[in-house]
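Enquirer: Throughout, this note's numbering is defined as the position within the sequence shown, counted from one, plus 644. Ideal Cβ positions, reconstructed from N, Cα and C, are used throughout, including at glycine. In this text the structure is predicted, and so the values were computed from the model without any measurement.
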Amino acid sequence: MIKFIFIILFFLSACSTEKSISNAEILVEIDTTFTTIGKPITYKVTVNAPPKKIIQFSEWNINDPLEIRSFSSIETSLGKIAKYELVFWDTGKVSIPGLNINFLNIDSTFDFSLKADSINIDIVSINEKDPQMQISSNGDIMPIKDPEPVKIPLPWKNIVRILSLSFIIGSIIYIWKKRLKTNIVFEEKQKFKDKPNITALAKLKELNKLSLSKTIDAKESYVKLSHIVREYVEDSLFIRTLEMTTDQIRFSNNIFPYTSTEFGTLLSILSNSDMAKYAKYDATSKEWNDDFKKSIDLINNTTQYWDIEFS
Numbered sequence: 645m646i647k648f649i650f651i652i653l654f655f656l657s658a659c660s661t662e663k664s665i666s667n668a669e670i671l672v673e674i675d676t677t678f679t680t681i682g683k684p685i686t687y688k689v690t691v692n693a694p695p696k697k698i699i700q701f702s703e704w705n706i707n708d709p710l711e712i713r714s715f716s717s718i719e720t721s722l723g724k725i726a727k728y729e730l731v732f733w734d735t736g737k738v739s740i741p742g743l744n745i746n747f748l749n750i751d752s753t754f755d756f757s758l759k760a761d762s763i764n765i766d767i768v769s770i771n772e773k774d775p776q777m778q779i780s781s782n783g784d785i786m787p788i789k790d791p792e793p794v795k796i797p798l799p800w801k802n803i804v805r806i807l808s809l810s811f812i813i814g815s816i817i818y819i820w821k822k823r824l825k826t827n828i829v830f831e832e833k834q835k836f837k838d839k840p841n842i843t844a845l846a847k848l849k850e851l852n853k854l855s856l857s858k859t860i861d862a863k864e865s866y867v868k869l870s871h872i873v874r875e876y877v878e879d880s881l882f883i884r885t886l887e888m889t890t891d892q893i894r895f896s897n898n899i900f901p902y903t904s905t906e907f908g909t910l911l912s913i914l915s916n917s918d919m920a921k922y923a924k925y926d927a928t929s930k931e932w933n934d935d936f937k938k939s940i941d942l943i944n945n946t947t948q949y950w951d952i953e954f955s
């Protein structure tokens, strides 16, 4: 029973192989039927394989006077095409042997192989005539061809590199000569149209008018008051109080020339302004007037620290 099953499987495998072979097609072409010694010809093989088969061109073992100059293969819609460039080194009728082509399964295992037909070609010497023209050669040496003019190739890469390098060097020299010299400008002491105390008192007077006329509310009044006082301190002492918080000013008391009372008045005005700004302090009219008067007194009392004419 086992022997019978083995025979059936062998028969099915043989039938499958025969079917694959019947579906394989090989077409061999050469670009000429005759050539001269040393002149290459093109030998082209087109293979149409059955589905799910891999085409493998085996190594072509050929002998003198035939030489394989080059080989290439491509996949096309017609099948796989292999091109060989052949050269012959002897005259006469030469038979180009058939090429073995292997067909592999998907897993690269061998399935079967086919051999292309051999092709005959005539090889003539360079001093013979074209045999197809049916003109016999008298053995005379062919006339010497005129010498071909020799063209010296220009080194374009080196020329481009030299031009690029020259351009870069020229640009550097031009920029070096035309470079702008940096002018050092020393910042002079800020000049005021009016003295800081005069400017601050004028702004306080204008602020008081707005506050009395109820044009602005208490919050905005305190914001403007804080700005005027900070601006006065910055313009008179050159301390950037406009960029400092109240806490930063509090911890920087050593850079202020004010007395402890004057410095405390400054912090009191700024603190009340901060609380009013963030709705943490609802000042009455009396408290506003007190802070407003403190600001005027602070400006008048601290003029001595910066105004030379005052001292």
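Comparing C-alpha positions only, which one of ASP935, GLU729, VAL672 and MET919 sits nearest to ILE763?
Expert: As a working note, residue 763 is residue 119 in the sequence shown. Selected option, being the one with the closest Cα: VAL672.
Enquirer: According to DSSP, what are the bridge partners of GLY723?
Expert: One-based indexing of the sequence shown puts residue 723 at position 79. In DSSP, GLY723 forms a bridge with THR720.
Enquirer: Taking only runs of the alpha helix (DSSP H) that begin and end inside the stretch 801-887, which ones reach a length of at least 4 residues, in chain order?
Expert: 840-856 and 862-881
Enquirer: Below 8 Å CB to CB, which residues in the same chain sit around ARG894 once its five sequence neighbours on both sides are set aside?
Expert: Here residue 894 refers to the residue found at position 250 of the sequence shown. Closer than 8 Å at Cβ, skipping near neighbours: LEU911.
Enquirer: Nearest-angstrom Cα distance between SER896 and TYR922?
Expert: The count along the sequence shown starts at 1 and reaches residue 896 at position 252. The count along the sequence shown starts at 1 and reaches residue 922 at position 278. If you take the alpha carbons of SER896 and TYR922, they lie about 23 Å apart.
Enquirer: Okay, do the stretch 709-718 and the stretch 731-744 touch, 3+ Cβ pairs below 8 Å being the bar?
Expert: yes
Enquirer: So what does DSSP say about LYS937, is it helix, strand or coil?
Expert: Residue 937 sits at position 293 when you count from the first residue of the sequence shown. LYS937 falls in the helix class under three-state DSSP.
Enquirer: Since ASN916 and TYR866 are thought to touch, with beta carbons under 8 Å apart, how far apart are those beta carbons, to the nearest angstrom?
Expert: If you number the sequence shown from 1, residue 916 lands on position 272. If you number the sequence shown from 1, residue 866 lands on position 222. The Cβ separation is near 7 Å, so the contact holds.
Enquirer: Could you give the residue range of the beta strand (DSSP E) that holds SER757?
Expert: For the purposes of this step, residue 757 is taken as the residue at position 113 of the sequence shown. Looking at the DSSP string, the run of the beta strand (DSSP E) that includes SER757 is 754-759.
Enquirer: How is the alpha helix (DSSP H) around SER915 delimited, first residue to last?
Expert: To locate residue 915, count along the sequence shown from 1; it is residue 271. Membership of SER915 in the alpha helix (DSSP H) is indicated by the continuous run 904-921.
Enquirer: Thinking just about the alpha-carbon of each residue, which of LEU856, TYR687 and ASP861 is nearest to the one in GLU729?
Expert: As a first step, residue 729 is located in the sequence shown; it is residue number 85 there, counting from the start. Residue TYR687 is the option with its Cα nearest to GLU729.
Enquirer: How far does the alpha helix (DSSP H) with ASP766 in it extend, from its first residue to its last?
Expert: Translated into the one-based positions of the sequence shown, residue 766 becomes position 122. Here ASP766 belongs to no alpha helix (DSSP H); instead the beta strand (DSSP E) covers 763-768.
Enquirer: Does the beta-carbon of ALA668 have 16 or more other beta-carbons within 10 angstroms, so that it is buried, or is it exposed?
Expert: Locating residue 668 in the sequence shown gives position 24, where the first residue counts as 1. Buried is the call here.
Enquirer: For the alpha helix (DSSP H) that contains GLN948, what are its first and last residues?
Expert: By 1-based counting over the sequence shown, the position of residue 948 is 304. Looking at the DSSP string, GLN948 is not in any alpha helix (DSSP H), and its letter there is neither H nor E.
Enquirer: With a 10 Å radius around its C-beta and 16 neighbouring C-beta atoms as the bar for buried, classify PRO840 as buried or exposed.
Expert: Here residue 840 is taken as the residue at index 196 of the sequence shown, counted from 1. PRO840 is buried by the Cβ-count criterion.
Enquirer: Over the uninterrupted beta strand (DSSP E) stretch that includes SER686, give me the two end residues.
Expert: Walking along the sequence shown from the start, residue 686 turns up at place 42. It is Thr, not Ser, that sits at residue 686 in the sequence shown. Start and end: 685-692.
Enquirer: Tell me whether PHE732 is buried or exposed, calling it buried when 16 or more other Cβ atoms sit within 10 Å of its Cβ.
Expert: Position 88 of the sequence shown holds residue 732. Answer is buried; the Cβ neighbour count reaches 16.
Enquirer: Nearest by alpha-carbon distance to THR890: which of SER880, ILE899, ASP918 and ASP951 is it?
Expert: As a first step, residue 890 is located in the sequence shown; it is residue number 246 there, counting from the start. With distances taken between Cα atoms, THR890 lies closest to ASP918.
Enquirer: Using 7 Å as the threshold, is the C-beta distance between SER752 and ASN744 below it?
Expert: For the purposes of this step, residue 752 is taken as residue 108 along the sequence shown, with counting starting at 1. For the purposes of this step, residue 744 is taken as residue 100 along the sequence shown, with counting starting at 1. In this structure, ASN744 does not lie closer than 7 Å to SER752 by Cβ.
Enquirer: Mind checking who ASN744 pairs with in its DSSP beta bridge?
Expert: Counting from one through the sequence shown, the residue named residue 744 turns up at place 100. In DSSP, ASN744 forms a bridge with LYS759.
Enquirer: Alpha carbon to alpha carbon, how far is LYS868 from LEU851?
Expert: Here residue 868 is taken as the residue at index 224 of the sequence shown, counted from 1. Here residue 851 is taken as the residue at index 207 of the sequence shown, counted from 1. Cα to Cα, LYS868 sits roughly 8 Å from LEU851.
Enquirer: Considering ILE893, what are the terminal residues of the alpha helix (DSSP H) in which it resides?
Expert: The residue given as residue 893 occupies position 249 in the sequence shown. If you look at ILE893, you'll find it in the alpha helix (DSSP H) that goes 890-894.
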